[in-house]
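*Asks:* Below is a structure I'd like to ask you about.
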Amino acid sequence: MNRREFLKQVAALGVLAGAGRILTMPAELLAMAPKKKPSPTLARATGTNYAHLVGDSIQALGGMKKFVHSGETVVVKPNMAWDQPPEMAANVHPIVVRKVVELCLEAGAKKVKVLDRTCHDARRTYVNSGIKAAVEGIKDNRAVVEFVDERRFVELDIEGAKALKRWSFYQDILEADRFINIAIAKTHSEAKLTLTMKNMMGAIGGWRGRIHVGLQQNIADMNLVLRPDLHILDATRILTQNGPTGGKLEYVKVKNQVIAGTDPVALDAYGTTLFGMQPQDIGHIVKAYELGLGEMDLKNIKMLGT
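First residue of the sequence shown? That's 1 in our numbering, and the numbers climb one at a time after it.
As structure tokens, this is what we get:
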């Protein structure tokens with residue numbers, strides 16, 4: 001039994017407990033879940049056709065069929081937390097999300113759910129980000145944009161955590177056969193940068209204010225449970241100031257890059273260089289590396305593509 005199958009069984013226990021329940025899983029039980037060390041191999045594509053960048057970066061890793069198999073349910077979690085249009089670079093570009101969903105469908109996915117626990121009003125954010133229309137424009141009933149149901153969170157003890165010993169995680173993500181994380185590269189007022197690991201904030205429940213106390217370690221700790229099968233970093237344009245919300249075009253810098261991989265620490269380590277920083281400048285990257293979640297040394301990260 002792999003880690004995904006294990007977490008699906010854990011989430012199923014929550015269903016048996018009924019709506020509105022909290023399920024606590026002991027740390028020793030979570031420790032039984034198999035853990036596969038991600039590869040520090042990344043794939044980068046550059047250019048102005050954003051759909052091609054997504055396809056090329058994933059193809060360099062072996063293609064979407066390496067990550068999604070026929071008949072599987074996939075949760076795609078883009079950063080679409082902010083009531084801002086695409087040009088403001090507060091959310092993942094809608095073309096990037098659409099292409100990921102299309103590739104999942106082409107790989108034979110039975111269902112692809114696109115969702116995020118937003119910071120601004122979800123209905124406005126889903127629309128104004130352009131992501132809802134982009135996914136619905138595929139016109140395939142297997143692809144759905146869903147609002148997060150606050151009743152569908154499962155509380156778990158987090159084995160190996162240094163600070164965030166227990167928290168709630170979205171059941172649909174735990175139950176999914178495959179989980180794909182799409183983050184945008186941005187500055188952040190408290191975390192300094194928000195990349196792939198920080199994007200997991202949209203997959204957890206509870207009061208965000210608590211997470212921001214000791215934020216850097218908490219980000220690393222939550223990633224002990226949340227292990228996407230594929231991470232995609234949208235650097236088609238990046239937000240260089242006033243993150244994570246942005247608000248002015250002068251804060252946006254076009255980079256025309258999409259980077260994909262299975263190691264979130266390696267992806268985030270590379271992501272720091274987009275801002276003229278180094279991995280060691282970002283606390284949660286260092287702490288995730290210390291937890292064994294991936295590789296932060298740029299010399300040990302292999303980059304495929306352009």
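By construction, the Cβ of each residue, glycine as well, lies at the ideal position given by its N, Cα and C atoms.
Report the three-state DSSP secondary structure of G209 (helix, strand or coil).
*Replies:* helix
*Asks:* Take P264 as the anchor and find which of P279, H69, K253 has the nearest alpha-carbon.
*Replies:* Answer by Cα proximity: P279.
*Asks:* Using 8 angstroms as the threshold, is the C-beta distance between D83 and N128 below it?
*Replies:* yes
*Asks:* Measure from the alpha carbon of N199 to the alpha carbon of each residue in Y126, R152, C119, Q59, then state which is nearest.
*Replies:* With distances taken between Cα atoms, N199 lies closest to C119.
*Asks:* Measuring only the C-alpha atoms, how far is P228 from G261?
*Replies:* Between P228 and G261, the C-alpha separation is close to 10 angstroms.
*Asks:* Could you check how far apart the C-beta atoms of G108 and G47 are, in whole angstroms? I think they sit under 8 angstroms.
*Replies:* About 27 angstroms separates the beta carbon of G108 from that of G47, a gap too long to meet the 8 angstroms contact definition.
*Asks:* With a CB to CB cut of under 8 angstroms and the five nearest residues on each side skipped, what residues in its chain are close to E146?
*Replies:* K113, V114, L115, D172
*Asks:* Could you tell me if N300 is buried or exposed, where buried requires 16 or more neighbouring beta carbons within 10 angstroms of its beta carbon?
*Replies:* exposed
*Asks:* Start and end of the beta strand (DSSP E) containing I219?
*Replies:* Where I219 is concerned, there is no enclosing beta strand (DSSP E), although the alpha helix (DSSP H) it sits in stretches over 215 to 222.
*Asks:* Can you name the start and end residues of the beta strand (DSSP E) that H231 belongs to?
*Replies:* H231 -> beta strand (DSSP E) spans 230 to 239.
*Asks:* Grouping DSSP H, G and I as helix and E and B as strand, with all else coil, what is Q290?
*Replies:* Going by the sequence as given, residue 290 is Glu instead of Gln. Correct three-state label for E290: helix.
*Asks:* Determine the direct distance from the alpha carbon of T196 to that of K99, and round the result to whole angstroms.
*Replies:* The C-alpha of K99 lies about 18 angstroms from the C-alpha of T196.
*Asks:* My parser needs the beta strand (DSSP E) runs of 3 or more residues fully inside the segment 112 to 183; what are they?
*Replies:* 143 to 145, 153 to 157, 166 to 170
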